[in-house]
Structures are given as structure tokens and as C-alpha cells.
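**Student:** Chains as they are written, first to last, in this note's numbering: chain A, 6 to 353; chain B, 22 to 312.
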């Protein structure tokens, strides 16, 4: 998109077929650094729940759950919005639908959301496929608007549907864990979801599929001429980016023990995925991870210091405006443009 | 039958106001390819402006509208000059403006909630609760005045676009930005004026909203979703499409509200958008999109 290296890659691949020259020795060293850093962070994060004497143990774990959930959501959004440049402002539809599918299965059939999460993801994926087939009949601003309309259709529908408890929502049976360790299963489940999303993003980045998506993002006409079935790839990207939000919704609903339309289907929820990805750097693997972590920590800090949610809205909006005006490539993209990207963030 | 005609009357009255709300958005998209997600937030700001004017001086909201027009025009022109030239050259300019105005919408909503709180407000001029009666039909006075004001403003807009020199420039820019520039239209100036006009229309619509509906800051999402559906439905940038779509759908949604339930009435706008995307992706009066 606006990201110069991405354009360069696509152009090279599509037009001149010239290999990109990198010094293999430098590349090997950077690879070693980033794998080491990632493993160290992963081990620390995975061991955190064992550190029982930590002050505010449950609070810290809850923030962990939040961060992992949003890493998963932002990374999924990035598959569509980051690579193809098609911006979905209604992506929380899939997150919410996943939550409701698992909640209903738990209430009516007693199936644990940890088991039904995959099914919730598949339902979200199917819905993404359908939504993609309709919304991709258009492009640019009309596409964005149709994703907003999709969100509002689902909001109006769930607000009025008796099966989903209308605007009051549904209460879920409490999870059968001891109070003391209540957060721990959710912590690991969400960590797995986040890892899966980042892994998926990495796979997409380094596959022909991802190259096709980036080609669409750079220039759809050229991509079409180069023999890419752009419509098919866009619909597939939409469906793929809907899957993990469904899974995350299922786990998140269980962790808070209730579902309500205003938790999942507010436009601010979808906006957050967009904001995180753009701040971190769209079209990069590390961008959504950095963006999600920063925004959640910032959010917690602002809640602690200001307490008011309306100032949170102002901060969210102002951040989006500032980043778009001054660093449209986001943190990772801007650092790369200046050639200062540290090795541990360079997963592209 | 009588009841059905009554529903049509009420739907048309509301549709006229929707048309005014949507016209500002359409001008902005037509001239600058800017999709202004914050339009409805500024409509609410206009409603607050009129409300506080009414509360402090007792000025009638319809006269308040005349004050709101120039104030919001200047506000719009300044906002345009401050934000948009920075992103003008970027590829995918329209998508960029969606995100930028999305951020603006959050800021405006947050600031309004912070300063004015989230409670419901409404101006209460004497005609708010009155109605004209013709035989077995009635026309609520407030909605009739609002429709009248919308028609006057839309006619002024049309006359401006058709008969003034600047209006020619605006229409030329809508047709082809680069060609307009080549034949000597000052596109930057035209864009600033258009943004001012779009914002002035939002302020005016806000003045009407202030006595038609109870309003609060977070209400704007609901409206912008309806308005955006309307302008895509009519064909992005087509003023005629927006007006016809607004009135037609307002009538249908009045029927849905009356016979199925008021919760479902916004669904008409979103549903219509999806149907039109399946049948005619460029919208009712739009041209085939250039890729």
C-alpha cells in the first residue's frame, strides 16, 4: 500500500522477476536474534501464571487475556485489511457471532466453549465467506460502508432475536474451576489463540497466497492482469480473517460468563482492531502484536488515571488521526522505512 | 387505506430531513472523494449548538439554523485546511479519509460526552407538539417545518451548483478533478468551499434534529450507518440518488416501523444496501466504478 518495501516486493515479483538481494550472513544473524527474542518472551509469558505470589495476580492475568485476545483479533484483521487494503469496519461481527454460537451450545447442550470454540470459528468463517461474496461486489469506500451496514444488520437482529436473549443477552453457567485458578485456563486458551493468529499471519506473509493479497493491495488491475483471480483471493482472505475472531469470541464470552449485543457488536470494538493494526503497522506480522499490546496497556492506564470512558474515546480517535497523518505506515513500517527496524520485529 | 396514506405522509416528512443529512455527505464525496464518517457526529454537534443557543437566548431552533449555517461553514473550511492537504497525495485517498474521519467521529463523540454529558436532550419550541389536520390525516407541525427547511436548503444548494461561477467549478470538479484543474478551476479553493458547505449542511440538519428527535452524543453511529447506506444506495456522489433513496426508504421504513415493529425499521436501510450491491453494485444513479 503506502508501505514502500511491500510495493517493491510486489513489483519485483510481478513485473521484473528480479530476486531481492540480501546478504545471507546478515539475514542469518537477524533470524537468530528474532527467534531467540520470541522464544524468551514466549517462555516468560507462559510461565507467568506459576508466579502465584505476584501482587494483583488475577488482574495481571486478566490483562494478559485481554492482550492475547486483541493480538489474535488484530492479526486476523490484518490478513484482509493489512495485505489487500480492503478495510472492514465491521469485523467484530465474527467475534460476536462466535461468542453467541459457543454460548448457545453451552446453555442448551452443555458443551464447554473450550471444545466448541473451533466450531464457533467455523461458523464465523462460513459467515465471512458469505459476507465476502456480497461485499466484494464493490470496492473502495463502498466496501467499507457495506461492512458497517453488515455490523448494523447483525446488531439490530441480535437486539431483537429471542433466541439470543435480545438486548439483555444471555448468562452463561460459570466455569467449573476453583475460584483461585479461575483465570488460568482462559490465559492459556487465549495465548494459544494469539499464537495461532500470529502463526497464521506469518504463514500468509510468506506464502504465494499472501503475495497475491499484497499484489491486490498494490494494484488490483495489475494483479488481475498477472493472472490472479482477485475476487476468489479476496473472499478467501475475508473468510480466513473471520475464523480466529470467532474462536476468540467463544473463549472471551466464557471468561466473562455472559453475552450481550453491546459487548460485541459496537462499532468501537471493530474500530479497535483497525486502530491496533494501523498503529503497529499494517501488512506486517509484528505490527498487530505491538499495536494490540500498546493499546491495551494504554487503555488500562487511562482507565486507572482518568477513570472516564469518554476520554478513552477521545484518545482512541486522536491516536488514529495522528498516526494516519504522520506515520501512515505504523510503528513497524515507519521504522523499516528509516532502516532502523530491530531484528526481533522483522518477521516479514 | 387511510392508515397507509398517513404512514406515507410521515415517511415522506422524515425522508426530506434524511435527504438534507445525506446531501452534505454526497457533496463531500462527489467533490473530494472524501467519505465523511464524522458527518453524523457533526450533525449532533449542530443539534447541541442550537440547543444551547435556544436554552440561553430562547432563539427558535429554525432561526438557530441560520446562525449554525455560517458558523459550521467556517468550522468545516478550517478543518479541511488543517487535516486533508496532508493526505491528499496518498494512494487510496478515499479509504484514508474514511479512517481519518472515523477517528474524528470518535474524538467528537468523546468530547461531546465529556462536556455535555450523555443524557437525552431536545429543544422544545411551541410547534414541537402541534399538528395540522386535513380531514382524517394529520401532519406534525415540527416535521412539516423541518421538511420545508430541508427543501429550501436543498433548492439553494441546487441553485448554487447550477447558476453560480463557483458552483460550476464544484460540478466540474465532481465530474473530473484533473480536467477541472487543467481548465483553470482552483481545486483547492473549491474543495475548501465544498467542505464548508458539507459541514454547514450538517449544522443545519443538526438544528432540525434538535427538535425532531431526542439526541445524545453516541446517537450518531446509528444515523451515520443509515446515511452511508443511503449514499451508496443512490450511487456515491449522486445528489439525485441520495434524495430519491432517502425519501423512498424513509417511506418503506415507516411502513416496517408501523406494521412489523420500530426495532426493525433501520434494517430497511442496511438491507436495501445489500440488495442493491447484489443487483447493481454501482448504486441506483452511480456510474460504473473506475478501478
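Beta carbons: idealized from backbone N, C-alpha and C, even for Gly. Keep in mind it's a predicted model, so treat the numbers as computed, not measured.
1) Can you give me the C-alpha to C-alpha distance between residue 340 of chain A and residue 180 of chain A, rounded to a whole angstrom?
2) Among B:101, B:68 and B:103, which residue has its Cα nearest to the Cα of residue 17 of chain B?
3) Restricting to Cα atoms, I'd like to know which of A:104, A:79 and A:173 is closest to residue 92 of chain A.
4) What does the alpha-carbon distance come out to for the pair residue 195 of chain B and residue 252 of chain B?
5) When the Cα atoms are used, what is the spatial distance from residue 324 of chain A to residue 124 of chain B?
6) Against chain A, with Cβ distances strictly below 8 Å, would residue 242 of chain B count as a contact?
7) Using a Cβ cut-off of 7 Å, which residues of the region 151 to 179 of chain A contact any Cβ in chain B, in chain order?
8) Who are the neighbours of residue 230 of chain A on chain B, taking C-beta pairs under 7 Å?
9) Spell out the partners DSSP gives residue 154 of chain B in its beta bridges.
10) Who pairs with residue 147 of chain B in a beta bridge, going by DSSP?
11) For residue 154 of chain B, does the count of other Cβ atoms within 10 angstroms reach 16, so buried, or fall short, so exposed?
12) At what residues does the alpha helix (DSSP H) containing residue 80 of chain A begin and finish?
13) Please confirm if residue 276 of chain A has its CB atom under 8 Å from at least one CB of chain B.
14) At a Cβ threshold of 8 Å, is residue 319 of chain A touching chain B?
15) So, is residue 56 of chain A buried or exposed, given that buried needs 16 or more other C-beta atoms within 10 angstroms?
16) If you draw a straight line from the alpha carbon of residue 301 of chain B to that of residue 248 of chain A, how long is it in whole angstroms?
17) Please list the partners that residue 102 of chain B has in chain A, where partner means a Cβ-to-Cβ separation under 8 Å.
18) Is there a Cβ from chain B that is less than 8 Å from the Cβ of residue 145 of chain A?
19) So, using beta-carbon positions, are residue 298 of chain A and residue 46 of chain A closer together than 8 Å?
20) For residue 266 of chain B, which of B:283, B:289, B:66 and B:56 has the nearest alpha-carbon?
21) Shorter than 8 Å from the beta carbon of residue 135 of chain B to some beta carbon of chain A?
22) Please report the straight-line C-alpha distance between residue 262 of chain B and residue 254 of chain B, rounded to a whole angstrom.
23) What whole-angstrom Cβ distance do residue 76 of chain A and residue 226 of chain A have, given they're in contact under 8 Å?
24) Would DSSP call residue 186 of chain B helix, strand or coil?
25) Can you list the residues of chain B that residue 42 of chain A reaches, using a CB-CB cut of under 7 Å?
26) For residue 176 of chain A, write down the residues that DSSP places opposite it in a beta bridge.
27) Contact between the region 242 to 249 of chain B and the region 77 to 85 of chain B: three or more CB pairs below 8 Å?
28) Taking DSSP as the reference, what is the three-state secondary structure of residue 236 of chain B?
**Tutor:** Quick look at the numbers:
1) Across the structure, residue 340 of chain A and residue 180 of chain A are spaced so that their CA atoms are roughly 44 Å apart.
2) A query on residue 17 of chain B cannot be resolved here, the shown segment of chain B reaching from 22 to 312 and no further.
3) Restricting attention to A:104, A:79 and A:173, the CA atom closest to the CA of residue 92 of chain A is found in A:79.
4) Roughly 15 Å separates the two Cα atoms.
5) Taking the straight line joining both Cα atoms gives about 8 Å.
6) By the rule that beta-carbons nearer than 8 Å mark a contact, residue 242 of chain B touches chain A.
7) Per Cβ criterion, the list reads 151, 153, 154, 157, 158, 161, 164 and 165.
8) Under the 7 Å cutoff, chain B gives no residues; its nearest Cβ is about 11 Å from residue 230 of chain A.
9) Looking at the DSSP assignment, residue 154 of chain B forms a beta bridge with B:159.
10) Per DSSP, residue 147 of chain B has no beta bridge partner at all.
11) Per the 10 Å Cβ criterion, exposed.
12) Its alpha helix (DSSP H) spans residues 62 to 82.
13) Taking Cβ atoms only, chain B reaches closer than 8 Å to residue 276 of chain A, which makes this a yes.
14) At least one CB atom of chain B sits nearer than 8 Å to the CB of residue 319 of chain A.
15) Exposed, by the Cβ-count rule.
16) Taking the straight line from one Cα to the other gives about 29 Å.
17) Near residue 102 of chain B there are no residues of chain A at all, since even the closest Cβ is about 13 Å away, more than 8 Å.
18) Cβ-Cβ to chain B under 8 Å: yes for residue 145 of chain A.
19) In this structure, the beta-carbon distance from residue 298 of chain A to residue 46 of chain A does not fall below 8 Å.
20) Here the closest residue by C-alpha is B:289.
21) Judged by the 8 Å Cβ criterion, residue 135 of chain B is in contact with chain A.
22) Residue 262 of chain B and residue 254 of chain B have their C-alpha atoms roughly 7 Å apart.
23) Wrong, their Cβ atoms sit about 34 Å apart, outside the cutoff.
24) Three-state DSSP puts residue 186 of chain B in a helix.
25) In chain B, no part has a C-beta under 7 Å from the C-beta of residue 42 of chain A; the shortest such distance is about 31 Å.
26) A:263, per the DSSP bridge assignment.
27) The region 242 to 249 of chain B, when compared against the region 77 to 85 of chain B, does not touch it at the 8 Å Cβ threshold.
28) In the structure shown, residue 236 of chain B adopts extended strand secondary structure according to DSSP, grouped into three states.
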